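For reference, the structure is listed below as structure tokens.
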Amino acid sequence: MLFSTPPSLCALLLTLLLLAAHTPAAALSIPRPSSSRRPRALVETAYAGHIVARYTGADAAVAGSVRASASGVTLGGDADGAHITFATAGPRALFSISSLGAVEIGTDTTSFIGASGTAALGAGSPSAVLLNSVPQTSAHARPATTGSESAIWLFDASTGALTAHWVNPDGSHPRTRVAARARDGALVLTGDVAAYNAAAPGPGDVVREVTLHFVSD
10 MLFSTPPSLC
20 ALLLTLLLLA
30 AHTPAAALSI
40 PRPSSSRRPR
50 ALVETAYAGH
60 IVARYTGADA
70 AVAGSVRASA
80 SGVTLGGDAD
90 GAHITFATAG
100 PRALFSISSL
110 GAVEIGTDTT
120 SFIGASGTAA
130 LGAGSPSAVL
140 LNSVPQTSAH
150 ARPATTGSES
160 AIWLFDASTG
170 ALTAHWVNPD
180 GSHPRTRVAA
190 RARDGALVLT
200 GDVAAYNAAA
210 PGPGDVVREV
220 TLHFVSD
């Protein structure tokens with residue numbers, strides 16, 4: 010026996026076919042392949058040159074060139090300036106500075122210009138650490154393990170400014186200032202220059218704040 014389709018059902022089917030033919034594909038919610046992008050790899054830029062220190066203040070007078078040796082990091086004349094190299098992935102990426110003159114004490118290998126010590130720096134505290142030739146450490150590493158930190162530097166390519174960022178033993182990041190000692194030009198990091206000088210044992214131990222600037226070869 011043959012069955013015929015009721016006219017009303019035929020009309021309904023025809024209406025649905027016409028709607029499907031005129032409906033945009035986006036409205037049908039057709040699944041599409043994922044278009045997620047892979048994160049971009051950080052690209053480092055390499056630099057080579059030397060570092061000049063300037064006193065803070067209106068005149069910003071040159072304090073000297075940074076020199077590095079087994080006995081420490083100090084200021085000297087232009088001819089004494091250490092040849093340094095570093096690579097950075099951007100203005101907010103901490104890195105280490107290597108120098109052919111920064112020979113780690115007790116070895117004959119090239120080391121890094123960093124800071125030695127385990128002091129906690131901060132506003133109102135006379136605590137300080139010395140810039141020195143140190144082994145390489147990772148960024149944000151605490152000083153308890155090695156007694157030093159190397160990856161403490163940030164670089165602003167637009168101004169040439171190098172800034173230090175010490176990590177305290179508890180992992181906090183104090184505002185860090187660089188200063189030069191009067192008697193020998195040794196560079197120190199402290200959180201408070203005035204507090205440091207107030208506790209200095211003598212006039213020769215007083216420091217003056219400086220800023221560091223990279224000069225390309």
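Using our numbering, you'd call the opening residue of the sequence shown number 10 and step up by one each time.
Heads up, the beta-carbon is just placed ideally off N, CA and C, and yes, glycines get one too.
Bear in mind the structure is a predicted one, so any value in this text is a computation, not a measurement.
For residue i, the first and last residue of its enclosing alpha helix (DSSP H)
i, result
"V202", "202-207"
Local Cβ density within 10 Å of residue i, reported as buried at 16 or more and exposed below that
i, result
"V219", "buried"
"L84", "buried"
"T236", "Residue 236 falls outside the range modelled here, since the chain spans only 10 to 226, and no answer is possible."
"V199", "The sequence given here places Thr at residue 199; Val does not occur at that position. Answer is buried; the Cβ neighbour count reaches 16."
"D190", "Reading the sequence as shown, one finds Arg at residue 190 and not Asp. The residue is buried, with at least 16 neighbouring Cβ atoms inside 10 Å."
"T185", "buried"
"D179", "exposed"
"D201", "buried"
"S105", "buried"
"P183", "buried"
Sequence-distant residues of the same chain with beta carbon closer than 6 Å to residue i, five excluded per side
i, result
"A98", "L51, E53"
"T94", "A57, S107"
"V215", "A191, N206, A209"
Identified DSSP bridge partners for residue i
i, result
"G73", "A62"
"V176", "None, per the DSSP bridge assignment."
"L163", "T172"
"R67", "Strictly speaking, residue 67 in this sequence is Ala, with Arg absent from that position. Its beta-bridge partners do not exist; DSSP assigns none."
"V52", "Partner(s): none; V52 has no beta bridge."
"S78", "G81"
"A234", "The question about residue 234 has no answer, for the chain in this structure spans 10 to 226."
"R192", "In the DSSP output, where bridge partners are listed per residue, R192 has none listed."
"A150", "In the DSSP output, where bridge partners are listed per residue, A150 has none listed."
Same chain only: Cβ atoms within 8 Å of residue i, ignoring 5 sequence neighbours per side
i, result
"R101", "L163"
"G90", "H59, I60, V61, S74, V75, R76"
"A207", "P135"
"A150", "E158, A160, V176"
Start-to-end residues for the beta strand (DSSP E) that takes in residue i
i, result
"E218", "216-225"
"S142", "137-143"
"V82", "81-85"
"L196", "196-199"
"F104", "F104 -> no beta strand (DSSP E), and no H or E assigned at all."
Other residues of its chain near residue i: CB distance less than 7 Å, five sequence neighbours each side excluded
i, result
"F223", "Y56, G58, I60, F164, G169, L171"
"R63", "A69, A70, V71, A72, V219, T220, H222"
"T127", "P152, A153, G156, P178"
"A148", "L103, A160"
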